[in-house]
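Just so you know, full-length UniProt numbering puts 154 at position 154 of the sequence shown, and the rest follows in order with no gaps. The structure appears below as structure tokens.
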Amino acid sequence: MGYQNSFKVFLCLSVIFLFSMKIMVLEKYFEKINFTAFSIHTTKPIRKGAHYWFSQTNKHANKNITLPNCTLPPDLGPYNIQLNVPLDNEFKNERMSFGGHNKPENCIALQKIAIVIPFRNRESHLKIWLHNMHPFLQKQQADYGIYVIEQHGNLPFNRAKLLNIGYKEALKEYDYNCFIFSDVDIIPMDQRNLYRCSTNPKHMAHALDKFNFRLLYATLFGGVVAFTKEQFLKVNGFSNLFWGWGGEDDDLYKSEPLLEKAARRMYTDGLNSLNYTFIRVMKHRLYTKVLVDIGKPENIEQ
């Protein structure tokens with residue numbers, strides 16, 4: 001009788017053990033699925049008016065700890081840009097929020113930076129840019145988010161209008177106070193080129209290798225530029241009138257009729273005249289992509 005009771009106890013313990021093991025296996029399986037889902041690109045749209053922001057895990061959360069302000073690391077220097085990035089390679093960082101937002105873990109950044117990229121059919125460039133820029137920005141202790149603003153359709157590209165849209169869409173998600181507008185094919189060569197806003201609008205790409213590190217002309221202001229929120233509002237953003245892939249900075253400089261009227265148009269052409277149709281926002285692991293229809297060129301008086 002004692003032997004039978006012992007055998008029953010043994011069977012019960014065995015069943016409990018096997019059941020526990022099954023639960024552990026299932027937990028590991030679903031943990032792997034979740035990790036994979038957050039590591040690959042997703043194109044699940046989020047409806048307009050519901051731009052969800054994924055909270056960042058912070059080891060100091062729910063603790064009465066006052067974090068110091070961030071300071072720049074003393075070892076900033078030349079940056080090793082990696083151009084041979086496999087298409088299936090993706091920069092990994094567990095602290096980064098889904099959608100391409102990251103902030104320092106042990107200090108408080110003084111600026112909240114939105115990096116806005118005008119985009120259409122440049123996937124290979126974007127992959128390289130993301131692979132290099134996330135480590136670059138994190139090294140600088142930046143609180144930042146990446147916004148890729150994609151123009152829908154095949155009509156002429158309007159870079160400046162997409163930048164205006166990026167400004168407005170980014171503010172729907174976070175209280176950014178610094179905006180850096182960047183082309184997708186420009187990467188800084190030195191970590192001391194600080195991705196920050198200053199007391200005046202800042203031209204951050206004034207020396208490019210393909211131009212032998214010289215400005216094409218003295219008034220060039222393009223490629224990568226930085227504005228505080230107040231500065232961008234004060235100038236009413238960029239003009240919405242320049243169509244064509246890139247080169248709108250050159251057009252503005254060379255087109256005397258438009259240039260002469262720029263001061264007068266500044267208060268009527270820009271953020272306050274911006275019209276576009278929101279299509280969808282897609283949260284990727286390393287960035288947020290906003291797809292928009294910006295309409296078509298209009299005949300303007302020159």
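Even for Gly, the Cβ is constructed at its ideal location relative to N, Cα and C. Computed from a predicted model, the values in this text were never measured in an experiment.
(message) On the CB-based measure, 16 or more other CB atoms within 10 Å of its CB, does Leu126 come out buried or exposed?
(response) buried
(message) Three Cβ pairs or more, each shorter than 8 Å: is that satisfied between the stretch 195-206 and the stretch 129-147?
(response) yes
(message) Just to confirm before moving on: does the CB-CB distance between Val225 and Pro201 stay below 8 Å?
(response) yes
(request) Have a look at the DSSP bridge pairing and note the partners of Leu291. (result) Glu150, Arg280
(request) Return helix, strand or coil for Pro73, following the three-state DSSP convention. (result) coil
(message) Does Lys210 come out as helix, strand or coil in the three-state DSSP assignment?
(response) helix
(request) Kindly indicate which residue of Glu123, Ser124, Ile146 has the alpha-carbon position closest to the one of His134. (result) Ile146
(message) Please return the same chain residues whose Cβ sits closer than 8 Å to the Cβ of Leu274, not counting the five positions on each side in sequence.
(response) Lys161, Asn164, Ile165, Lys168, Gly237, Asn240
(request) Could you please give the first and the last residue of the uninterrupted beta strand (DSSP E) stretch that includes Lys112? (result) 112-119
(request) Please confirm if the stretch 261-275 is in contact with the stretch 174-187, defined as three or more CB-CB distances below 8 Å between the two stretches. (result) no
(message) Below 8 Å, how does it come out for the stretch 147-154 and the stretch 280-293: are there three or more Cβ pairs, yes or no?
(response) yes
(request) State buried or exposed for Ser182, treating a residue as buried only when at least 16 other CB atoms are found within 10 Å of its CB. (result) buried
(message) So, for Lys229: in the same chain, excluding its five sequence neighbours on each side, which residues have a beta-carbon less than 6 Å away from its beta-carbon?
(response) Asn177
(message) How far does the beta strand (DSSP E) with Ala226 in it extend, from its first residue to its last?
(response) 224-228
(message) For Gly77 and His284, which I take to be in contact (beta-carbon distance under 8 Å), what is that distance rounded to the nearest angstrom?
(response) 30 Å between Cβ atoms; not a contact.
(request) Just tell me which of Gly270, Phe278, Gly244 has its CA closest to the CA of Leu233. (result) Gly270
(message) Do Gln82 and Phe136 have their beta-carbon atoms positioned less than 8 Å apart in this structure?
(response) no
(message) Measuring only the C-alpha atoms, how far is Arg214 from Met189?
(response) 15 Å
(message) In the DSSP output, which residue or residues are listed as bridge partners for Lys202?
(response) Ala226
(request) Please say whether Ile108 and Asn69 have beta carbons closer to each other than 8 Å? (result) yes
(request) Leaving aside the five residues before and after Pro104 along the sequence, list all residues of the same chain whose C-beta is less than 6 Å from its C-beta, in chain order. (result) Cys70, Gln141
(request) Sort out for me which residues DSSP pairs Pro135 with in a bridge. (result) Answer by DSSP bridge pairing: none, since Pro135 is not bridged.
(request) Using the Cα positions of Phe278 and Asn106, report the straight-line distance between them to the nearest angstrom. (result) 37 Å
(request) On a CA-only basis, which of Phe242, Asn272, Leu208 is nearest Val235? Give me that one, please. (result) Asn272
(request) On the DSSP bridge assignment, give the partners of Asn102 in chain order. (result) Tyr144
(request) Report the option in Phe242, Val116, Phe227 whose CA atom is closest to the CA atom of Gly295. (result) Phe242
(message) Give me the residue from Gln111, Asn121, Thr268 with the minimum Cα distance to Leu155.
(response) Asn121
(request) Would you grab the beta carbon distance between Asn84 and Arg95 for me? Rounded to a whole angstrom, and I think it's under 8 Å. (result) Not a contact, Cβ separation roughly 26 Å.
(request) Compare the C-alpha of Asp185 against each of Gln111, Thr199, Leu208, Leu171 and name the closest. (result) Leu208
(request) Locate the alpha helix (DSSP H) running through Ile165, then write down its first and last residues. (result) 159-170
(message) For Ile187, tell me which candidate among Thr199, Met204, Glu173 has the shortest Cα-Cα distance.
(response) Met204
(message) Based on DSSP bridge pairs, tell me the residues matched to Phe179.
(response) Ala114, Phe227
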